[in-house]
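Those protein sequences? They're chains A and B, same order as listed. Following the numbering used here, the residues of the first sequence are numbered contiguously, the last one being 1150. Following the numbering used here, the residues of the second sequence are numbered contiguously, the last one being 284. Heads up, the thing below is written out as structure tokens.
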Amino acid sequence: MSAITIAPPMDLAPRVHSLDPAAFTVPTARDEEWRFSPVDRLKQFFDADPAAGFVTATGNGVNVVPMSEVASSWIPIDLASAIARANVKKAGVLEIPAQAQWAEPVIVDLTTIEHNSYQHLEIVAGQFSVATVVIRQTLTGNVSGSIVINVGDGAHLRVITVVEGEFSTALALQMPVIVGRDATFIGALATLGGGAVRIQSSVQYTAPGGRAELFGVFLSDAGQHVEHRIFVHHDQPHCVSEVIFKGALLNPGARSAWIGDVLVRKDAIGTETHQSNRNLLLSEGSRADSVPNLELETGDIVRAGHASATGRFDDEQLFYLQSRGLTLDEARQLVVRGFFADVLGRIGNDTWRDSLLVTISDRLGISPVEDTDE
Amino acid sequence: MSSLVITDLHAQVHTDTGPKDILRGVTLTIDSGRTHAIMGPNGSGKSTLAYVIAGHPRYTVTSGTITLDGVDVLAMSVDERARAGLFLAMQYPVEVPGVSVANFLRTAVTAARGEAPKLRLWIKEMKEAMADLQMDPSFAERNLNEGFSGGEKKRLEILQLSLLRPKIAILDETDSGLDVDALRVVSEGVNRYREATGAGTLLITHYTRILRYITPDVVHVFSDGRIVETGGPELADVLEADGYERFTTVPSA
Ligand SMILES: Nc1ncnc2c1ncn2[C@@H]1O[C@H](COP(=O)(O)OP(=O)(O)OP(=O)(O)O)[C@@H](O)[C@H]1O
Ligand SMILES: [Mg+2]
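Okay, structure coming up:
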């Protein structure tokens, strides 16, 4: 299911932005935005929980400050994020100074000991800074909140986010990215754990010349619902967006949903945008929904495209590999690793690429093959 | 000394409209050191025979036997057949995205030899084998068959042949898609493998031109799912001159 519309507008943009939870209705499975979501497993986020804790951010350069002192440029877009914002007591703030050139990635750990927790992490990359941030979101309880990323003019920010955790947990996460003039954001998201996971990533540009690349890999196993919703809002000229998500569904009962919305406004001439989602079903009885939408209000663009495909193992590939002596397991292992190889290669950090490959291989119950190069 | 023995083989292909009989009684023995050419018109079932020997799941053997050194090949899985020493160079090699040639070759060689080759020796061996086939070293880093030209795919099949060193090799239209230079390079590769290993070879081809480089001991004419005539290399010359018409009038059973 997909659509390319030039007019009339579908209005993919969120309708309400507010700090006040009362401005939002309670989501139900009948709402367009929630029809793929396990509303029941996320409903604890629709009522403020006075007993909830907050997620602690630790890492070099991360300050934990009262939420009241954080001037966030992002305004919540749904009930869960508004409740989280109104109730989170402390926030993590990571500021990358203007002109800074950080050679080593900064690792930020997001952890909690509470049953339910709210979260706010704010990353601000100053003008012309260059940095890589690795966020480890490890779920031991339910988490609702946001990671807000501001990329200053001319800055180059790479953020690798790894979501892991128990299948009994739930996560409702907003990951808005605000991209400045001629700035580059590269976001790699690996959603490997958590039970009911709903991650909304959005990109907006404040000025011309911005570039945003969102790469995602995800695994879903029996009992997991892994949902990614992407919204790229092109309302500035000459900006680029590229979105590539790949997912593997492991066992019967695994669920995933991917909704990719790209909206190119009238003024966003010279836009270049492409998004794709590919899913590999490794068993019968798993389900992956994939819905790319592209809405163009101007035809004066460089390029716009989208693609989506969900498939099973290709028997011809498996036969070819087996006919060279590989067992069925070895053949499947090579094919799955190959499936993720291109998107993992785009992360641009070999250490984390390899570490993710090992984690993914572990989850698939297969041991990674040694590489040929020394 | 190895021997692949095919006796009165009948096989079907599974199609969307149900099973379809293709092989109608193939009997053929390939011994080490011998090269058999199978020639036949389009659609006569040559690739089907190759796939059935390799164990492709789309085909079902309805009667007959295949043994390798007395062991029942039809009871083996696809990978067991490969590890037992059977190799099929495919007419249409399959693309596997994201899997590098180097990684694939090392995995396959490890499976064939039962242990991983020592890394340093392996890199040397792979480089030499690639040089023999005039393949650029950058091939090793490319994804398996992805975006390869027809000729490049065939070179890669023969590269695998030279590294996996099977007892019996089946080469399905290895000559198709090759220009004259590439045909010579690839044929030399096959000849080197034959001389070095003394293996048996089944060369499937539509045209005679590859037989100028790889001399067969026996030539079979294949038509309508069976061997209809067997002779020496001179039979290929007859086919070159007269075509397949004389053999395609055989009524189907
Ligand atoms: N998957 C399939 N579905 C339907 N028919 C098939 C399938 N595979 C093979 N066939 C049919 O089986 C017959 C034999 O095909 P095969 O590919 O073995 O012939 P071939 O002799 O190798 O031909 P070529 O010279 O074109 O390579 C043909 O009639 C072909 O159409
Ligand atoms: Mg054929």
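No residue lacks a Cβ here, since even glycine has one placed at the ideal position from N, Cα and C. Predicted model only: the values in this text are computed from it and were never measured.
Where P72 (chain B) meets chain A, residues with beta-carbon distance less than 8 Å: Neighbours of P72 (chain B) on chain A: none; closest Cβ ~25 Å, over 8 Å.
is_contact[V1134 (chain A), chain B] using C-beta, thresh 8 Å: Cβ-Cβ to chain B under 8 Å: no for V1134 (chain A).
8 Å Cβ cutoff, A284 (chain B) in contact with chain A: Confidence at A284 (chain B) is low in this model, with a pLDDT of 46, below 50, so the placement of that residue should be treated as unreliable; the coordinate-derived value is given next. Cβ-Cβ to chain A under 8 Å: no for A284 (chain B).
Under 8 Å (Cβ pairs) to chain B, residues found in the segment 1114 to 1127 of chain A: G1114, F1115, F1116, A1117, D1118
Partners in chain A for V109 (chain B), counting only beta-carbon separations shorter than 8 Å: F1095, Q1098, S1099
Through-space distance from V815 (chain A) to S920 (chain A), alpha-carbon basis: 14 Å
Those residues which DSSP pairs with T58 (chain B) across a bridge: None; T58 (chain B) has no bridge partner.
Residues near Y123 (chain B) in its chain [Cβ-Cβ closer than 6 Å; skip 5 each side]: Counting only Cβ-Cβ distances below 6 Å, and skipping sequence neighbours, we find nothing.
Chain B within 8 Å of V864 (chain A), Cβ atoms only: no
Under 9 Å by beta carbon: chain A residues contacting R186 (chain B): Listed along the chain, the chain A residues whose CB falls inside 9 Å of the CB of R186 (chain B) amount to none; the nearest CB is some 16 Å away.
Any non-hydrogen atom of ligand 3 within 7 Å of D255 (chain B) CB: For ligand 3, the structure offers nothing, since it holds only ligand 1 and ligand 2.
For I154 (chain B) and A147 (chain B), the rounded distance between their alpha carbons: 12 Å
Residues sharing a beta bridge with E871 (chain A), DSSP: A:V900
Three-way DSSP call (helix, strand, coil) for V127 (chain B) in this model: coil
Distance CB(V955 (chain A))-CB(T982 (chain A)) smaller than 8 Å: Annotated as proximal: V955 (chain A) and T982 (chain A), with beta-carbon spacing under 8 Å.
Chain B contact for T914 (chain A) (CB, 8 Å cutoff): no
Identified DSSP bridge partners for E940 (chain A): A:T914
Neighbouring residues, chain B, relative to D1091 (chain A) (Cβ below 7 Å): P88
With 16 other Cβ atoms within 10 Å as the buried cut-off, status of E159 (chain B): exposed
For A948 (chain A) and R974 (chain A), believed in contact at Cβ under 8 Å, the rounded distance: 5 Å
Where G1121 (chain A) falls, given that 16 or more other Cβ within 10 Å makes a residue buried: exposed
Buried/exposed call for N836 (chain A), threshold 16 Cβ in 10 Å: Here N836 (chain A) is exposed: its Cβ has fewer than 16 other Cβ atoms, across all protein chains shown, within 10 Å.
Within-8 Å CB hit, Q43 (chain B) to chain A: No, because no Cβ of chain A sits closer than 8 Å to the Cβ of Q43 (chain B).
Rounded Cβ spacing between R65 (chain B) and R257 (chain B) (contact assumed at less than 8 Å): Contact between R65 (chain B) and R257 (chain B) fails: their C-beta atoms lie close to 20 Å from each other, not under 8 Å.
Contacts of F1103 (chain A) in chain B (Cβ-Cβ under 7 Å): The amino acid at residue 1103 (chain A) is misidentified as Phe; the sequence shows Thr. Those within 7 Å of T1103 (chain A) in chain B are D110.
Test: L35 (chain B) CB closer than 8 Å to a CB of chain A: Chain A places no beta carbon closer than 8 Å to that of L35 (chain B), leaving this residue out of the contacts.
DSSP-derived helix/strand/coil call for T53 (chain B): Here the sequence assigns Ile to residue 53 (chain B), which means Thr is not the residue at that position. I53 (chain B): strand per DSSP, three-state reduction.
Length of the line joining the Cα atoms of L870 (chain A) and A827 (chain A): 27 Å
For A1024 (chain A), the nearest candidate out of A:K1042, A:V935, A:C1015, A:R1063 (CA to CA): A:R1063
Backbone CA spacing between V125 (chain B) and L1097 (chain A) [nearest angstrom]: 9 Å
Beta-carbon spacing of H67 (chain B), V221 (chain B) below 8 Å: no
Range covered by the beta strand (DSSP E) that runs through L1056 (chain A): 1048 to 1057
Any C-beta of chain B under 8 Å from that of E890 (chain A): Residue-level contact by beta carbon fails for E890 (chain A) and chain B, as no gap is shorter than 8 Å.
Buried or exposed (CB count within 10 angstroms, at least 16 for buried), G969 (chain A): Under this definition G969 (chain A) is a buried residue.
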